[in-house]
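Chemist: Below is the structure I would like to discuss, written out as structure tokens.
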Amino acid sequence: MKKHQLTAVVLSVIFTGLGLFYIGTPMLIITGALLMALQGAVLYFLLLTLGFLGFLALPAALALHIAGIVITIIYFNYRSPKKTWLEQKRQRQLSSPGAIAARTVIGLLLLAGSVYVGYTEGTAPFTKSAAEKQVVREAAEHYLEQKYGEPFKVTKMDYTWAVGSYNLTAIPEGAPELEFTLDSTDGSPPVPSGETYLNRVWGAQLRDKAEPVIDRLYPDGAFVQAWVSCNMKQVVREYDKLDSCSGEPVSQNVDIVVFADVAEGSLDQEKERILELVKQLPGVTVPGKTDLQIEYYPAKLNTPANAAKLEKGSGALQDATPTYQFREFDISRITGTSDIELRKL
């Protein structure tokens with residue numbers, strides 16, 4: 012195989028149709044450009060269907076790639092004794108290194124352009140530009156500041172193309188530990204809604220009230236997180252002032268992580284402690300339903316690193332498994348230790 016033939020075939024193997032630009036006849040350049048454009052269209056089709064029709068698109072892309080290789084090989088192996096001028100034309104076509112390089116670079120740019128257009132156009136319905144996201148970010152921050160009278164910062168944005176909406180994470184600038192979420196449409200203008208800021212504020216206040224009780228009962232190491240659900244029509248920042256949520260009772264969740272080596276022989280003692288906690292919690296919660304969860308981890312996991320994770324509000328240790336768990340969705344149902352189940356995990 013001659014040098015030019017080998018180079019052209021290798022280029023066609025690496026990049027669809029590039030070997031045809033290397034050869035450089037007008038017809039082959041047109042053919043190469045067509046193969047590249049079709050491959051960009053296949054990529055667009057594949058992305059537009061989220062890959063579900065890959066069983067059609069991928070074979071089509073492979074067929075286009077193989078076609079470029081086959082045409083390159085045929086060009087160099089075609090011989091016609093009646094057309095000796097054709098061989099001379101081929102030699103002239105491949106005699107100028109500068110022209111060969113220029114044609115090859117043009118082909119490579121066209122291939123990159125077709126892939127880029129196919130990708131950007133194919134993903135456009137599922138993504139948003141930085142400018143579009145900035146509009147939503149500013150609208151959300153303005154909405155929160157107007158509603159709560161303090162500055163906020165949106166720290167994360169996720170766009171869900173299936174429903175045409177954003178899920179955002181934000182923090183109040185004065186209390187960045189109270190990270191919360193909210194939603195927004197992608198309309199013009201965008202409409203924010205569903206923020207969980209007050210739920211975090213109320214939860215932090217409930218945690219502060221419950222911690223002294225929990226620390227007395229679990230002095231060896233316990234961390235508490237709380238969440239409060241209440242659909243209030245007006246802005247009420249004080250947890251203690253919650254009494255009714257649009258006619259529904261206040262829903263409170265208290266999650267406790269306890270570092271203790273619980274054994275089968277100490278389960279009765281733990282149940283007594285849980286019962287005492289159930290009796291004391293109504294003294295710090297507002298009237299409503301209280302959901303209580305306690306997870307027990309080995310005492311050796313009570314490290315500064317794990318304590319820092321829990322204090323930041325992660326809720327649980329993602330890289331460890333609790334040994335026992337207690338869960339009651341409404342603690343008012345508990346009247347004695349017989350109602351308490353410590354489940355081994």
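Here this note's numbering is used: the first residue of the sequence shown is 12, the next is one more, and so on.
From the three backbone atoms N, C-alpha and C, an ideal C-beta is built for every residue, glycine too.
Bear in mind the structure is a predicted one, so any value in this text is a computation, not a measurement.
1) Which residues bound the beta strand (DSSP E) around methionine 243?
2) Is it buried or exposed for asparagine 242, if we count other Cβ within 10 angstroms and need 16 for buried?
3) Quick one: residues in its chain with C-beta nearer than 6 Å to the C-beta of lysine 300, no 5 flanking neighbours on either side, listed in chain order?
4) Are there 16 or more other CB atoms within 10 angstroms of the CB of tyrosine 127, so buried, or fewer, so exposed?
5) Need the endpoints of the alpha helix (DSSP H) that glutamate 281 sits in, please.
6) Check for me: the alpha helix (DSSP H) holding alanine 363 runs from which residue to which?
7) Keeping to the same chain, check which residues put their C-beta closer than 7 Å to that of glycine 30; ignore five residues upstream and five downstream.
8) Using the beta-carbon count (16 or more within 10 Å), is serine 8 buried or exposed?
9) With a Cβ-Cβ cutoff of 8 Å, do leucine 54 and glycine 118 count as a contact?
10) Report all residues from its chain with a CB closer than 7 Å to the CB of asparagine 317; omit the five preceding and five following residues, and keep chain order.
11) With a threshold of 6 Å on Cβ separation, who are the neighbours of tyrosine 170 within its own chain once the five nearest residues in sequence on each side are excluded?
12) Counting Cβ pairs, one atom from each stretch, are 3 or more of them under 8 Å apart for the segment 330 to 350 and the segment 288 to 304?
13) Measure the CB-CB distance between glycine 185 and leucine 193 and report whether it falls below 8 Å.
14) What residues in its chain sit with their C-beta under 8 Å from that of threonine 115, if we drop five residues either side in the sequence?
15) Name the residue from Ile77, Glu190, Lys311 whose alpha carbon lies nearest to the alpha carbon of alanine 181.
16) Going by the CB atoms, is the gap between threonine 27 and leucine 57 shorter than 8 Å?
17) Given a threshold of 16 other Cβ atoms within 10 Å of its Cβ, counted over all protein chains shown, does phenylalanine 215 qualify as buried or as exposed?
18) What span of residues does the beta strand (DSSP E) with proline 37 cover, start to end?
19) Please check the pair proline 309 and threonine 334, which I expect to be a contact at CB under 8 Å, by giving their CB distance rounded to whole angstroms.
20) What residues in its chain sit with their C-beta under 7 Å from that of arginine 284, if we drop five residues either side in the sequence?
21) Residues in its own chain within less than 7 Å of leucine 356 by CB, not counting five upstream and five downstream?
22) Please state the DSSP three-state secondary structure of proline 92.
23) Just to confirm before moving on: does the CB-CB distance between alanine 141 and proline 201 stay below 8 Å?
Modeler: Straight from the coordinates:
1) The residue you call residue 243 lines up with position 232 of the sequence shown. Neither: methionine 243 is in no beta strand (DSSP E) and is coded neither H nor E.
2) Against the sequence shown, residue 242 aligns to sequence position 231. The residue in question, asparagine 242, is exposed, as its Cβ has fewer than 16 Cβ neighbours within 10 Å.
3) The sequence position of residue 300 within the sequence shown is 289, counting from 1. Only Pro260, Ser262, Asp341 meet the Cβ criterion.
4) As a first step, residue 127 is located in the sequence shown; it is residue number 116 there, counting from the start. Exposed, since its Cβ has fewer than 16 Cβ neighbours within 10 Å.
5) Residue 281 sits at position 270 when you count from the first residue of the sequence shown. Unbroken alpha helix (DSSP H) run through glutamate 281: 278 to 291.
6) Nothing in the structure corresponds to residue 363, since the chain is present only between 12 and 356.
7) As a first step, residue 30 must be located in the sequence shown, where it is residue number 19. Excluding positions up to five away in sequence, the list reads Ala19, Val20, Leu22, Ser23, Gly79, Thr83.
8) This structure does not reach residue 8, given that the chain is present from 12 up to 356, and the question cannot be answered.
9) The residue you call residue 54 lines up with position 43 of the sequence shown. The residue you call residue 118 lines up with position 107 of the sequence shown. Contact: no.
10) Numbered from 1 along the sequence shown, position 306 holds the residue referred to as residue 317. Same-chain partners within the cutoff: Leu328.
11) Locating residue 170 in the sequence shown gives position 159, where the first residue counts as 1. Around tyrosine 170: Lys139, Tyr177.
12) yes
13) Walking along the sequence shown from the start, residue 185 turns up at place 174. Walking along the sequence shown from the start, residue 193 turns up at place 182. Not in contact: glycine 185 and leucine 193 (Cβ atoms no closer than 8 Å).
14) The count along the sequence shown starts at 1 and reaches residue 115 at position 104. Here the set comprises Leu22, Leu29, Phe32, Tyr33.
15) As a position in the sequence shown, residue 181 is number 170, starting the count at 1. Of Ile77, Glu190, Lys311, the residue nearest in Cα terms is Glu190.
16) The sequence position of residue 57 within the sequence shown is 46, counting from 1. The sequence position of residue 27 within the sequence shown is 16, counting from 1. No, Cβ-Cβ distance for leucine 57 and threonine 27 is not below 8 Å.
17) By one-based count along the sequence shown, residue 215 stands at place 204. Reading the sequence as shown, one finds alanine at residue 215 and not phenylalanine. The residue is buried, with at least 16 neighbouring Cβ atoms inside 10 Å.
18) In the sequence shown, residue 37 corresponds to position 26, counting from 1. Segment 37 to 59 is the alpha helix (DSSP H) holding proline 37; no beta strand (DSSP E) there.
19) For the purposes of this step, residue 309 is taken as residue 298 along the sequence shown, with counting starting at 1. For the purposes of this step, residue 334 is taken as residue 323 along the sequence shown, with counting starting at 1. Proline 309 to threonine 334, Cβ: 6 Å. Contact.
20) Counted from its first residue, the sequence shown places residue 284 at position 273. Cβ within range, chain order: Leu228.
21) Residue mapping note: residue 356 aligns to position 345 of the sequence shown, counting from 1. Counting only Cβ-Cβ distances below 7 Å, and skipping sequence neighbours, we find Thr332, Pro333, Thr334, Tyr335, Gln336.
22) If you number the sequence shown from 1, residue 92 lands on position 81. Because proline 92 sits at a pLDDT of 49, beneath the cut-off of 50, its placement in the model cannot be relied upon, and the following sentence gives the value as read from the coordinates. Correct three-state label for proline 92: coil.
23) On the sequence shown, residue 141 is found 130 positions in, with the first residue counted as 1. On the sequence shown, residue 201 is found 190 positions in, with the first residue counted as 1. No; because the gap between Cβ atoms is not below 8 Å, this pair is not in contact.
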